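Heads up: the sequence shown begins at 6 in our numbering, then just goes up one per residue. Glycine residues also receive a C-beta, built at the ideal position from the N, C-alpha and C atoms. All of these numbers come straight from a predicted model, not from anything done at the bench.
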Amino acid sequence: MSNPGEIAISASEVLLIVQRHLLENNEENLEVISHELKPFSATTQGFLSNHRYLCIVLKQKVKDRVIGHQLKFFAKLAPVHSAAFLKYVDDLNVFEKESNNYHWLIPRLENINIGTVFAPKCYLARNDILIFEDLTDSQYRLGNSVGGILDYEHLKLALRTLACMHSASIVLESRTGKSIEEQYPKCTQENCYPEDPNRLRHTFYQLGVETLSAFIPLMPEYMDSPDICKITDRFNELMQKIFSFVRTSTKYRNVFCHGDVYANNLMFRYEESSDQGSVPIDCKLIDYQFSRYAPPALDALCALCNSTTRLFRQNNLNSLLDDYYAVLGSFLANHNINIEDEFPREEFEETAEYFKLAALMESCFFSHISLLPEEIANGICNNSDNFQLFFSDDRISMCVKAFENDSNYRERIRDTLSDIIDNYILNEN
């Protein structure tokens, strides 16, 4: 990966991007006049990367005419402005993993379910920068969510997109006789929850658990409990199970999993309805930096737990999972594969129950970072010293302050924490 400084794209790479986008094989028909990486937004858009627009001005010769183009692409850059941040991102290996996914695995999976596309087009994949189609040009945008919450129709589409990707994984293995993990180990090695205590990410996770534990005595439903210390101690123990949850299963069917399904990694296209307003009609998954090889229910449940409330899950989780399984079966049937042969309903229901806790744990961990108030998040991502503080015990005081003062942050985390405590600690058998 690049050293701290500026990330640049060469003229030959710009030409290659243009050729791939315009499907122009003859580079002599193209004249790139200028290209520039422009700021994407003043606010924090990604915790592990910097976002830019790649703007290209060019001329294209088409038969007897010359056509002018002004093209815009979405660029995802490693955070080379900060040595501390870059060290953390290097430890995570997110850019190399996502680059490998777009180089090798995703194109192969998308060739299986013809007519369906679950990821944005990638025109350049390096270990320090990725260039994608700008999905907003095709009318895609983040879901109409408040505080990262998605409604039933958005989640139904998100799960169908997951089913498309998961089914392609099963079909590919059926055709090749080899697991995805065997064929693409660099795309599936666990990097979100590494078990090695020497990894920075492992330390980062443990500090997150300490931070979440500090919220529990502040919650009205537990603050006066004589067992508050036992509750927090048991919560700390329970959160260590995440490392075993995300391992490739030796018992259940595994597939290529996205590993980071929440509202900010889902983009939707809408159509206008006279009586319903904007109705979501398609969904794409972005950010393949935490992909893994694991049972599909883990992905599906994380999608549901990361973007919903406890009450919503009580009322809708089973019906959404039913729809996911039906769509998965439909995709497989198109390839003459009976879902009961590859992933029986009984196994699906067993894994859905098993991974529910894992999804709630991930939701807690991700939320204490992703839901931070904007001013705090911007300060962490844009300042190396602040990021270092966030990697220390100061994170606890920073997040406790947010928990006490920001109602959305507090209620979202409290909602998921109480789901874990009430169902897996207080009602523990």
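Asked	Found
What residue ranges within the stretch 240-275 form continuous beta strand (DSSP E) runs of no fewer than 3 residues, ordered along the chain?	260-262
Would you mind giving the Cβ-Cβ distance between Pro84 and Lys289, rounded to the nearest angstrom? I have them listed as a contact below 8 angstroms.	Not quite, the Cβ-Cβ distance comes to about 24 angstroms (not below 8 angstroms), so this is no contact.
Within the 8 angstroms Cβ cut-off, does Leu76 reach chain B?	You won't find chain B in this structure, because it holds only one protein chain.
If you count every other CB in all the chains shown that lies within 10 Å of the CB of Ser15, and 16 or more means buried, which is it?	exposed
Decide yes or no for the touch test of the stretch 37-44 against the stretch 144-152: beta carbon pairs closer than 8 angstroms, at least 3 of them.	no
Please classify Ser39: is it buried, with 16 or more other beta-carbons within 10 angstroms of its beta-carbon, or exposed?	exposed
Return the chain-ordered list of same chain residues with a C-beta closer than 7 angstroms to the C-beta of Gly73, the five sequence neighbours on each side being excluded.	Lys64
Quick test of the definition: if touching needs 3 or more C-beta pairs under 8 angstroms, does the stretch 260-268 touch the stretch 298-316?	yes
If distances are taken between C-alpha atoms only, which option among Glu115, Arg131, Leu212 comes closest to Ala13?	Arg131
Tell me, which residues are paired with Val4 by DSSP?	Look at the range of the chain in this structure, 6 to 434, and you will see that residue 4 is not part of it.
Taking only the alpha-carbon atoms, compute the straight-line gap between Thr193 and Ala363 and give it to the nearest angstrom.	18 angstroms
Should the stretch 326-339 be regarded as contacting the stretch 384-404, the criterion being three or more beta carbon pairs within less than 8 angstroms?	no
Any idea what DSSP makes of His159, helix, strand or coil?	helix
Going by CA-CA distance only, name the one from Asn30, Leu91, Asp95 that's closest to Lys66.	Asn30
Of the choices Pro112, Leu82, Glu138, Lys102, whose alpha-carbon is the least far from that of Gln24?	Glu138
Please classify Gly264 as buried or exposed, where buried requires at least 16 neighbouring CB atoms within 10 angstroms.	buried
To the nearest angstrom, report how far apart Met403 and Glu352 are at their CA atoms.	42 angstroms
Quick check: the Cα distance between Tyr107 and Met272, rounded to an integer number of angstroms?	18 angstroms
Where does Phe137 sit, in a helix, a strand or coil, going by DSSP?	strand
Report the option in Glu11, Asn55, Ile61 whose CA atom is closest to the CA atom of His26.	Ile61
Pro44 lies in the beta strand (DSSP E); which residues open and close that run?	35-44
For Glu11, which residues of its own chain have a beta-carbon under 8 angstroms away from its beta-carbon, when the five flanking residues on both sides are left out?	Val85
Run through DSSP, which three-state label would Cys60 get?	strand
Roughly how many whole angstroms lie between the Cα atoms of Cys197 and Val251?	9 angstroms
For Val122, count neighbouring C-beta atoms within 10 Å of its own C-beta (all shown protein chains included) and say buried if the count is 16 or more, exposed if not.	exposed
Taking 8 angstroms as the cut-off, does the stretch 409-421 touch the stretch 375-383 (at least 3 CB pairs, one atom from each stretch)?	yes
Measure the C-alpha to C-alpha separation of Glu186 and Leu53 and round it to an integer number of angstroms.	25 angstroms
From Ile111 to Cys169, what distance separates their C-alpha atoms?	12 angstroms
Entirely within the stretch 392-434 and at least 4 residues each: give me those alpha helix (DSSP H) ranges in chain order.	399-410, 412-425
Run through DSSP, which three-state label would Ile14 get?	coil
Of the choices Met366, Arg400, Ile401, Leu325, whose alpha-carbon is the least far from that of Asp156?	Leu325
Suppose contacts are defined by Cβ-Cβ distances below 8 angstroms. Is Lys102 in contact with Gln294 by that definition?	yes
Between Val176 and Ile374, which are expected to be in contact by the criterion C-beta below 8 angstroms, what is the C-beta distance as a whole number of angstroms?	Val176 to Ile374, Cβ: 35 angstroms. No contact.
Let's see if you can read the secondary structure: which residues bound the beta strand (DSSP E) around Ala83?	Ala83 -> no beta strand (DSSP E), and no H or E assigned at all.
So what does Gly153 bridge to, in DSSP terms?	Looking at the DSSP assignment, Gly153 forms no beta bridge with any residue, so it has no partner.
What are the partner residues of Ala299, as DSSP defines its beta bridges?	Val260
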